[in-house]
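Chemist: Under our numbering, the sequence shown has 245 at position 245, and the numbering climbs by one with no breaks.
Virtual Cβ for every residue (Gly too), placed ideally from N, Cα, C.
My structure is below; once you've seen it, I'll send some questions.
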Amino acid sequence: MRSLMLALSLVVLGVSPAAAQVATPASSGGLPDDFQGKVQYFGNHSGEVRATVPGTPRRTETKCPKREGGCPELIGGSFQAELEFDGDIVRGQYRGTGGMRPSTLIGRRDGANCRLFDTTDGSVWSGRCDREAFIGTVRSVPNAPEQIELAFETVGVNTVDFYERDRKRELIAAYDRFGGVAFGDGAGEARLDAILQLQGYFVDPGQAYRPGTLRNVERESQKKNSPIYSVYGDYTRMDGASAWARARFEYDRFVCIETSVEPGYCRVIDPVAPTIDPNEDFFAVLGLPSATQEF
1 MRSLMLALSL
11 VVLGVSPAAA
21 QVATPASSGG
31 LPDDFQGKVQ
41 YFGNHSGEVR
51 ATVPGTPRRT
61 ETKCPKREGG
71 CPELIGGSFQ
81 AELEFDGDIV
91 RGQYRGTGGM
101 RPSTLIGRRD
111 GANCRLFDTT
121 DGSVWSGRCD
131 REAFIGTVRS
141 VPNAPEQIEL
151 AFETVGVNTV
161 DFYERDRKRE
171 LIAAYDRFGG
181 VAFGDGAGEA
191 RLDAILQLQG
201 YFVDPGQAYR
211 PGTLRNVERE
221 SQKKNSPIYS
231 VYGDYTRMDG
241 ASAWARARFE
251 YDRFVCIETS
261 VEPGYCRVID
271 PVAPTIDPNE
281 DFFAVLGLPS
291 ATQEF
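Right, dumping it as structure tokens:
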């Protein structure tokens, strides 16, 4: 939330990024080593660019009295980037104001430490990259037409975990298939299979119900013909282990389900299917151009 408010103050309120002094968050937003997803960042950049080859177009309107070029240019302004993580492989794109040209990045990370290479000029981007921040420096490779010395500092404003996103999509599809039975009418004995199908999305995949293995289903209640009852059944998990389940009902309304995976805990399953935010691009939500779109 702090990152979101900072980005909104920079963009919506028109605060100059260079003057905003983006705070460096504590390194508590680390990404798992096997993380697959993307993080969007917003902040600022500042530095110096020096052309080493005569005729290299200048990035700003400042004049260079040297006929052969070589005058340093001070650049700086807002900076937005998007990094996509596939384990330790990192790909990204960025853009900025004040003389920064949009391009793409590729490289690797070791924990929260990134070493990326610009695909346009080969410059090296080194620094911290995680859920909360993308902070570091840019240095050109020797003999590049432009020599860049740049510092950038951003905060993470949006994270998309591809595994969680895909898992949620699967859960939504499961609601379409089984929700009508699980949360519908009728005796609980006929609905336990559908309930277990949904329950499997809230535990580790190996601990989920293996479809078609439900057996020994029976009703349990303290009084004969009581409207408050449980339905017990045995089943096999996806990892091959044996398991049991006990779903509770009140007047045939499903209340919760307890399993041997979570003994002593009766899990309530929301009868309303989850939704996915269609706007994965934080910059688009704010009306900003994409990270690679040129000015």
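#1: In the DSSP assignment, the alpha helix (DSSP H) including Ile89 goes from what residue to what residue?
#2: Secondary structure at Lys223, three-state DSSP: helix, strand or coil?
#3: Does DSSP classify Tyr265 as helix, strand or coil?
#4: Would DSSP call Ala241 helix, strand or coil?
#5: To the nearest angstrom, how far is it from the Cα of Pro274 to the Cα of Leu171?
#6: Which same chain residues end up closer than 6 Å to Asp88 when comparing Cβ atoms and leaving out the 5 residues on each side of it in sequence?
#7: Is Ile135 helix, strand or coil when you go by DSSP?
#8: My output table needs one value for Pro205: the three-state DSSP class, helix, strand or coil.
#9: For Asn44, is the classification buried or exposed, using 16 other Cβ atoms within 10 angstroms of its Cβ as the cut-off for buried?
#10: Quick one: measure Cβ to Cβ for Ala81 and Phe162, integer angstroms, because I've assumed they're closer than 8 Å.
#11: Just curious, the alpha helix (DSSP H) that Phe162 is in, first and last residue?
#12: From Asp193 to Glu164, what does the alpha carbon distance come to, in whole angstroms?
#13: Nearest by alpha-carbon distance to Gly180: which of Gln197, Glu149, Asp166 and Phe79 is it?
#14: Does Asp252 pass the burial test, meaning 16 or more other C-beta atoms within 10 Å, or should it be called exposed?
#15: Given 8 Å as the limit, is there contact between the stretch 143-157 and the stretch 226-240, that is, 3 or more CB pairs closer than that?
#16: Mapping the DSSP letters down to three states, classify Gly188 as helix, strand or coil.
#17: Starting from the C-beta of Ser123, find all residues in its chain whose C-beta is less than 6 Å away, skip the five residues before and the five after it, and write them out in chain order.
#18: Near Phe85, which residues of its chain fall below 8 Å by C-beta distance, leaving aside the five closest residues on each side in sequence?
#19: Val268 and Cys256 - do their beta-carbons sit closer together than 7 Å?
#20: Apart from the five residues on each side of it in sequence, which residues of its chain come closer than 6 Å, Cβ to Cβ, to Tyr175?
#21: If I'm right that Glu189 touches Val231 with Cβ under 8 Å, what's the distance once you round it to whole angstroms?
#22: Distance check for Gly77 and Gly264, CA to CA, integer angstroms please.
Modeler: The answer reads as follows:
#1: Walking along the sequence shown from the start, residue 89 turns up at place 89. Here Ile89 belongs to no alpha helix (DSSP H); instead the beta strand (DSSP E) covers Ile89 to Gly96.
#2: Counting from one through the sequence shown, the residue named residue 223 turns up at place 223. Three-state DSSP puts Lys223 in coil, outside helix and strand.
#3: Walking along the sequence shown from the start, residue 265 turns up at place 265. Note: Tyr265 maps to coil in three-state DSSP.
#4: Within the sequence shown, the letter at position 241 stands for residue 241. Three-state DSSP puts Ala241 in coil, outside helix and strand.
#5: Here the question's residue 274 lines up with position 274 in the sequence shown. Here the question's residue 171 lines up with position 171 in the sequence shown. So the alpha carbons of these two residues sit roughly 8 Å apart.
#6: Reading the sequence shown from its first residue, position 88 is the one you call residue 88. Excluding residues within five positions, the ones whose Cβ falls inside 6 Å are Arg108 and Arg109.
#7: The count along the sequence shown starts at 1 and reaches residue 135 at position 135. Here Ile135 sits in strand by DSSP.
#8: Against the sequence shown, residue 205 aligns to sequence position 205. Reduced to three states, the DSSP call for Pro205 is helix.
#9: Position 44 of the sequence shown, counted from the first residue, corresponds to residue 44. With 16 or more Cβ atoms within 10 Å of its Cβ, Asn44 is classed as buried.
#10: Here residue 81 corresponds to residue number 81 of the sequence shown, with the count starting at 1. Here residue 162 corresponds to residue number 162 of the sequence shown, with the count starting at 1. The pair is not a contact, with the Cβ atoms about 18 Å apart (cut-off 8 Å).
#11: For this step, residue 162 is matched to residue 162 along the sequence shown. Element bounds for Phe162: Phe162 to Ala174.
#12: Locating residue 193 in the sequence shown gives position 193, where the first residue counts as 1. Locating residue 164 in the sequence shown gives position 164, where the first residue counts as 1. Answer to the nearest angstrom: the Cα atoms are 24 Å apart.
#13: Here the question's residue 180 lines up with position 180 in the sequence shown. Answer by Cα proximity: Gln197.
#14: Position 252 of the sequence shown, counting from 1, holds the residue named residue 252. Asp252 comes out exposed.
#15: no
#16: Looking up residue 188 in the sequence shown gives position 188. Gly188 falls in the helix class under three-state DSSP.
#17: Working through the sequence shown from its first residue, we reach residue 123 at position 123. Contacts found: Val138, Ser140 and Ile148.
#18: Here residue 85 refers to the residue found at position 85 of the sequence shown. Hits under 8 Å: Leu31, Phe35, Gln36, Gly37, Lys38, Val39 and Arg109.
#19: Here residue 256 refers to the residue found at position 256 of the sequence shown. Here residue 268 refers to the residue found at position 268 of the sequence shown. Yes, the Cβ-Cβ distance between Cys256 and Val268 is below 7 Å.
#20: Counting from one through the sequence shown, the residue named residue 175 turns up at place 175. Within the same chain, Tyr175 has close Cβ partners Ala273.
#21: The count along the sequence shown starts at 1 and reaches residue 189 at position 189. The count along the sequence shown starts at 1 and reaches residue 231 at position 231. Right, the Cβ-Cβ distance comes to about 5 Å (below 8 Å), so this counts as a contact.
#22: If you number the sequence shown from 1, residue 264 lands on position 264. If you number the sequence shown from 1, residue 77 lands on position 77. About 56 Å.
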